[in-house]
């Protein structure tokens, strides 16, 4: 069960996550105990964040070693707002590239670009990363910055 804290209700957090096309920043531990941050595209499904990455990516190895993470999804432009928190991840195959294809549609608007074709290449093995949040803390500085939070800034 996720503990929601901060400026937004659980429904407001869900709306932000469904509407914002800001990548998630995930912090994990490397096997030597040092920290590692990676930025990935995500989709929000059933209370979890889902990402996809190449099966040979360093972050996959790190997450297999230690599935606990911290994360951040926040705007880079005024008004600053977003969420951060911690949780655990589950890794599974995305052999049909279902998650990846959905992420490409979400962030690139289609699969016609050279980047999309490279990512969807049959020879590329994909892994689905499902991040189950334990704690989510939201903030919204729209009022403080004199901007209505309904004005989407991404």
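Numbering (my numbering), first residue to last: 869 to 1022. Every residue, glycine too, gets a C-beta built ideally from N, C-alpha and C. All values reported here derive from a predicted model rather than from experimental measurement.
Identity of the residue in the options nearest residue i by Cα
| i | options | result |
| --- | --- | --- |
| residue 965 | 898, 1010, 998, 921 | 921 |
| residue 1012 | 947, 932, 919 | 947 |
| residue 900 | 988, 869, 929 | 929 |
| residue 914 | 977, 989, 891, 886 | 886 |
| residue 1010 | 1001, 949, 998, 986 | 949 |
With 16 other Cβ atoms within 10 Å as the buried cut-off, status of residue i
| i | result |
| --- | --- |
| residue 957 | buried |
| residue 971 | buried |
| residue 904 | exposed |
| residue 878 | exposed |
| residue 883 | exposed |
| residue 896 | buried |
Neighbourhood of residue i by C-beta distance below 7 Å, restricted to the same chain and skipping five residues each side
| i | result |
| --- | --- |
| residue 881 | 872, 951, 1004, 1006 |
| residue 992 | 922 |
| residue 906 | 894, 927 |
Spatial neighbours of residue i in its chain, beta-carbon cut-off 8 Å, leaving aside the 5 residues before and after
| i | result |
| --- | --- |
| residue 995 | 920, 921, 922, 923, 925, 928, 959, 960, 961, 962 |
| residue 988 | 965, 968, 969, 972, 979 |
| residue 1002 | 870, 871, 953, 954, 955, 956 |
Cα-Cα separation, residue i to residue j
| i | j | result |
| --- | --- | --- |
| residue 1008 | residue 890 | 15 Å |
| residue 874 | residue 941 | 14 Å |
| residue 999 | residue 876 | 20 Å |
| residue 990 | residue 902 | 34 Å |
Own chain residues within Cβ distance below 6 Å of residue i, not counting five before or after
| i | result |
| --- | --- |
| residue 909 | 891, 971, 975 |
| residue 898 | 904, 930 |
Worksheet item: Taking one C-beta from the segment 928–939 and one from the segment 972–986 each time, how about it: are there three or more such pairs within less than 8 Å?
Response: no
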